[in-house]
Each structure stands twice: as structure tokens, then as C-alpha cells.
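Single-structure report; data block below.
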Amino acid sequence: DGGITQSPKYLFRKEGQNVTLSCEQNLNHDAMYWYRQDPGQGLRLIYYSQIVNDFQKGDIAEGYSVSREKKESFPLTVTSAQKNPTAFYLCASSRAWGMNTEAFFGQGTRLTVV
Amino acid sequence: DQQVKQNSPSLSVQEGRISILNCDYTNSMFDYFLWYKKYPAEGPTFLISISSIKDKNEDGRFTVFLNKSAKHLSLHIVPSQPGDSAVYFCAALTHSGGGADGLTFGKGTHLIIQP
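Which chain is which? The protein sequence lines are E and Y, in order. Read in order, the letters of the first sequence correspond to residues 7 to 120 in the numbering used here. Read in order, the letters of the second sequence correspond to residues 2 to 116 in the numbering used here.
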């Protein structure tokens with residue numbers, strides 16, 4: 007079955023450590039996105055990628071980094087520079103950039119920094 | 002400054018009745034609107050969308066209405082069912098320069114269907 011997979015579902019890290027969240031899709035989608043959800047904040051865009059080897063900052067990119075070396079994969083690294091890293095992180099993909107198409111979301115990763 | 006606003010954090014509706022979820026936007030460049038449904042600890046799932054060239058789109062029990070002059074859209078669910086209890090996010094995007102930015106989401110409305 008085609009889909010978008012995030013792992014792990016729950017992640018705990020000590021303050022000051024970098025952590026990488028995995029996102030893989032087998033939908034052959036060109037565009038991929040990372041969002042963060044906080045209570046009462048909705049979904050906020052961290053980074054997006056229109057195509058492999060390309061990515062752009064979203065609204066809240068500070069303290070995060072991404073890579074897009076393969077079409078299927080768009081990992082997100084939460085660095086120690088991110089001041090409030092504890093959140094629910096959602097990865098999404100959509101068929102093509104610049105087209106009216108819905109995004110498909112992964113199941114999310116809940117990151118807790120202690 | 003929030004470009005997509007869902008002013009009702011929660012909404013309670015009796016089973017069988019109509020649920021109406023509202024969404025307002027400020028960016029006149031938005032040209033495509035989507036509704037997503039989200040259960041706790043899961044990713045959002047796409048529900049229904051509407052292009053700015055239309056004023057209504059219907060899919061089964063779900064209908065989305067768009068009023069461009071008022072920069073307002075609404076999602077109607079008729080009849081409401083217990084499984085509809087979830088958080089509903091309104092989202093918008095704009096196409097410019099041949100590309101599209103990421104979706105801009107509202108804060109969500111928690112719909113509670115009461116038996």
C-alpha cells in the first residue's frame with residue numbers, strides 16, 4: 007500500500023541534543039513538507055521541498071534543518087538551537103508542486119525534550 | 002498575523018443535525034482551499050477542497066461553500082455522525098510564479114457530535 011511513514015511515533019531526547027525525525031513516502035510525490043502542531047496553534051510550516059535536492063524555509067524554520075537527497079525521503083533534524091522543540095511533528099507529501107492537490111500526512115512523531 | 006482563522010475552537014452538535022464549521026482568510030491571493038480532519042495523535046486526512054473559481058463543492062455528506070467577497074468558507078456536514086467527532090482544519094494555498102507555497106492552516110475547530 008502506498009503511503010507516508012513517519013518514525014518513530016514517540017521520541018524522547020535530552021535538552022541540547024540534536025534529533026532527526028524520519029519521513030518516507032512511496033507515493034512518488036514530488037513535494038514534501040514538515041509541519042509542527044502545538045496546542046491552540048494549528049499546523050505551522052517548518053520546511054518544504056518542491057523536488058529532490060531542493061528545499062525552502064517555511065514560517066518557523068529556525069532551529070531546524072532538512073535534506074532531500076532522495077525523492078522518497080525528507081528527514082527533519084531538530085537542533086539544539088530550537089528553543090521549544092517539544093511538539094507533535096507532521097510530515098506530508100503532495101503529488102506535484104504548483105498543482106491543486108491535497109497533501110497526504112504521516113501519522114506524526116511526538117517529540118518530548120526533557 | 003494569522004492568514005487563516007477558525008474562530009470557534011470547539012463546536013458541539015447533536016447527532017443527525019447539521020454541523021457548520023467556519024473559516025475566514027485574509028490573504029486575497031489564496032486560490033485553493035482544503036478541509037482536513039484530524040483524530041488525536043494521528044496525522045490529518047484530507048476531506049474536501051474547493052477552488053476559488055467555484056462557490057460550492059459537494060462530496061457525500063460534506064459540502065464546502067466559498068464566499069470570495071467575504072473571504073469566508075464553511076464546511077457543512079449533514080447529517081452529523083458520531084465518527085465525525087474530530088478536529089477540523091481549514092487550509093489554504095496560493096499559486097504564484099508557477100509554484101505554490103505550503104498550506105497555511107487555521108488553528109482548528111474541535112467538533113463534538115453528541116448522541
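Even glycine gets a Cβ: it sits at the ideal position worked out from N, Cα and C. Quick caveat: nothing in here was measured; it's all calculated off a predicted structure.
- For the C-beta of Gly61(Y), not a single chain E residue is nearer than 8 Å; the gap to the nearest is close to 16 Å.
- Sequence-distant Cβ neighbours of Ala71(Y) in its own chain, meaning closer than 6 Å and more than five residues away, do not exist here.
- Per the Cβ contact rule, the stretch 67-86 of chain Y is not in contact with the stretch 78-94 of chain E (fewer than 3 Cβ pairs under 8 Å).
- Of the candidates Phe31(Y), Ile49(Y), Leu12(Y), Ile49(Y) places its Cα closest to the Cα of Ala109(E).
- Within the same chain, and ignoring the five residues on either side of Phe94(E) in sequence, the residues whose Cβ sits closer than 6 Å to its Cβ are Gln43, Gly114, Arg116.
- In summary, Thr110(Y) is buried, with 16 or more beta-carbon neighbours lying within 10 Å of its beta-carbon over all protein chains present.
- If you draw a straight line from the Cα of Cys97(E) to the Cα of Thr105(Y), it is about 14 Å long.
- Fully contained in the stretch 25-81 of chain Y are the following beta strand (DSSP E) runs of length 3 or more, in chain order: 33-39, 46-52, 57-60, 63-68, 73-78.
- Counting the other Cβ atoms within 10 Å of the Cβ of Tyr40(Y) gives fewer than 16, which makes it exposed.
- Within chain E, Gly46, Gln47, Gly48 have C-beta atoms less than 8 Å from the C-beta of Lys108(Y), given in sequence order.
- Identification of residues in the stretch 56-70 of chain E having a C-beta nearer than 7 Å to some C-beta of chain Y yields Gln56, Gly64, given in sequence order.
- Annotated as proximal: Tyr89(Y) and Leu22(Y), with beta-carbon spacing under 8 Å.
- In the structure shown, Asp44(E) adopts extended strand secondary structure according to DSSP, grouped into three states.
- Between Pro81(E) and the set Asp65(E), Asn59(E), Arg101(E), the nearest pair of CA atoms involves Asn59(E).
- By the CB criterion at 8 Å, Ser11(Y) and Ile78(Y) fall outside the cutoff.
- Judged by DSSP secondary structure, Val119(E) falls within the beta strand (DSSP E) whose first and last residues are 115-119.
- In the DSSP annotation of this structure, the continuous segment of the beta strand (DSSP E) that includes His111(Y) starts and ends at 110-115.
- Taking all protein chains in view, the Cβ of Arg18(Y) is surrounded by fewer than 16 other Cβ atoms within 10 Å, so the residue is classified as exposed.
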